[in-house]
Ligand SMILES: Nc1ncnc2c1ncn2[C@@H]1O[C@H](COP(=O)(O)OP(=O)(O)OP(=O)(O)O)[C@@H](O)[C@H]1O
Ligand SMILES: [Mg+2]
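In our numbering, the protein residues as written are 5 to 437.
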């Protein structure tokens with residue numbers, strides 16, 4: 005499956021109707037999905053049914069009533085089913101991470117139902133479930149969230165690339181704009197925005213040692229280390245009320261709405277490159293206080309390796325994240341930290357065959373060309389990709405590179421042809437018949 009990334013845009017699953025008058029929302033535009041497409045949750049009827057001035061009886065809070073109706077309609081899909089739906093949409097492997105994310109999504113909806121439908125108190129149901137996903141580049145972290153958010157979860161969801169966010173006063177965006185995105189996704193309804201899930205992609209870029217915020221104005225003494233943004237995120241990750249600008253703007257005179265974050269779940273996602281080196285420093289004992297780890301640790305990671313699979317123990321210690329540049333109290337607000345594995349040979353093979361080649365074959369077919377790629381060619385490409393340690397990210401360009409010359413000659417002019425890619429010794433070759 006070939007996909008383009010547009011992480012800075014809001015991704016809307018269950019798009020509410022454009023007016024509260026009950027217009028039915030139409031399709032979701034999920035052309036990228038493979039297999040069955042789950043029905044989008046349609047807020048339309050609820051908006052229509054719930055002209056709250058008609059329904060709320062005296063003494064009843066119309067906002068609570070509105071959310072009760074909305075949340076009641078959200079389907080409670082078992083985690084095992086969510087897991088399978090993600091697979092049906094072309095996601096391969098990462099079973100442990102996929103399980104954790106599916107469970108988190110289920111628990112989020114169940115929690116909402118207990119609070120908004122059953123009327124249980126938040127003390128009773130416990131805090132929201134925030135997740136932190138980490139693992140090597142190209143192993144499917146962002147893709148997992150994109151898949152889950154692009155139709156499976158029938159809630160307002162948004163993926164935000166955190167890189168350009170910096171503390172207010174610097175060139176960059178106000179962290180509260182993260183919630184502005186959620187507000188927009190929820191059709192500018194602050195009640196709906198209260199129940200969504202926000203993914204913070206490239207979260208590791210907030211580490212104080214790595215932040216690239218552009219400094220606006222010389223000579224000030226403000227903190228540009230990224231800790232400012234982390235402090236702002238602390239508020240959102242907990243339950244708080246935030247004044248959220250209604251528009252994405254740098255102006256300080258923008259109108260705001262009050263948004264409660266007690267029930268917005270957050271998923272932070274990042275590659276955390278360089279985390280190896282920190283783990284190794286701890287385990288070699290060069291950072292004191294964690295000597296117990298030395299005995300338990302069998303091997304050290306190569307400081308410079310990229311495609312590494314961290315164990316749950318590797319990521320459980322908040323102190324490691326503190327050394328990486330995070331406020332311990334921020335990391336502690338993620339109830340679960342999930343390490344993704346580097347993609348193995350078999351999973352890469354499946355991704356190349358099922359997701360990437362199938363699309364390339366269709367493209368060639370449109371041009372009248374039957375494309376045949378030998379198994380040994382696929383194996384070879386996978387081997388190259390594993391060597392590059394870029395996960396599945398480079399697979400598409402790796403294979404296409406060998407087809408490019410023939411595509412140039414044949415596209416637009418061939419009536420019918422057969423193009424075969426095969427191994428010629430250690431090299432990939434191709435012939436047209
Ligand atoms: N497990 C997977 N199943 C199917 N496709 C995958 C998988 N992992 C990666 N891919 C493919 O590789 C591309 C890159 O993956 P993704 O964007 O999720 O990487 P990432 O883990 O977020 O890496 P980074 O840390 O560099 O952002 C995806 O768009 C998808 O096409
Ligand atoms: Mg990513």
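Note that CB positions come from ideal geometry on N, CA and C, so glycine has one too.
For residue i, which three-state DSSP category applies?
i	result
residue 208	helix
residue 430	coil
residue 156	helix
residue 423	strand
residue 98	coil
residue 65	coil
residue 312	coil
residue 358	helix
residue 261	strand
residue 376	strand
Could you spell out the range, first to last residue, of the beta strand (DSSP E) harbouring residue i?
i	result
residue 342	340-343
residue 331	Per DSSP, residue 331 belongs to no beta strand (DSSP E) and is neither H nor E.
residue 249	245-249
Based on the DSSP secondary-structure assignment, which residues constitute the bridge partners of residue i?
i	result
residue 233	For residue 233, which the question treats as bridged, DSSP gives no partner whatsoever.
residue 272	136 and 204
residue 435	424
residue 163	203
residue 70	Paired residues: none, contrary to the question.
At what residues does the alpha helix (DSSP H) containing residue i begin and finish?
i	result
residue 127	126-129
residue 351	349-354
residue 196	194-197
residue 364	362-370
residue 180	Careful: residue 180 lies outside any alpha helix (DSSP H) and carries neither H nor E.
residue 382	379-392
residue 280	279-287
residue 120	Segment: none, residue 120 is in no alpha helix (DSSP H) and carries neither H nor E.
residue 414	399-414
residue 83	83-92
residue 147	145-151
In chain order, what residues of the same chain lie with their CB nearer than 6 Å to the CB of residue i, ignoring the 5 residues before and after it?
i	result
residue 372	418, 419 and 420
residue 236	179
residue 76	121
residue 422	374 and 437
residue 252	181 and 184
residue 118	124 and 129
Can you list, in chain order, the residues of its chain with a C-beta nearer than 7 Å to that of residue i? Leave out the 5 residues immediately preceding and following it.
i	result
residue 392	398
residue 87	102, 103 and 106
residue 248	180, 183, 184, 187, 260, 261 and 263
residue 145	137, 139, 273 and 344
residue 210	166, 230, 233 and 234
Tell me which same chain residues have a C-beta within less than 8 Å of the C-beta of residue i, skipping the five on either side of it?
i	result
residue 376	422, 423, 424 and 425
residue 104	135, 340 and 342
residue 250	184, 187, 192, 258, 259, 260 and 261
residue 313	139, 140, 343, 344, 345 and 346
residue 357	382
residue 315	343
Evaluate the contact criterion for the stretch 397-414 versus the stretch 430-437: three or more CB pairs, one atom per stretch, below 8 Å. In short, these stretches touch, since the Cβ pair count reaches three.
May I ask you to verify whether the stretch 375-392 touches the stretch 400-410, counting CB pairs closer than 8 Å and requiring at least 3? Touching, per the Cβ criterion.
If you pair each beta-carbon of the stretch 95-114 with each one of the stretch 350-369, do three or more pairs fall below 8 Å? Under the 8 Å Cβ criterion, the stretch 95-114 counts as touching the stretch 350-369, having at least three qualifying pairs.
Between the stretch 130-138 and the stretch 97-113, do at least 3 Cβ pairs fall closer than 8 Å? Under the 8 Å Cβ criterion, the stretch 130-138 counts as touching the stretch 97-113, having at least three qualifying pairs.
For the stretch 193-204 against the stretch 260-273, are there 3 or more C-beta pairs whose distance is under 8 Å? By the criterion of at least three beta-carbon pairs nearer than 8 Å, the stretch 193-204 is in contact with the stretch 260-273.
The stretch 356-363 contacting the stretch 329-338, beta-carbon criterion three pairs below 8 Å: Pairwise C-beta distances place the stretch 356-363 out of contact with the stretch 329-338, as fewer than three of them are shorter than 8 Å.
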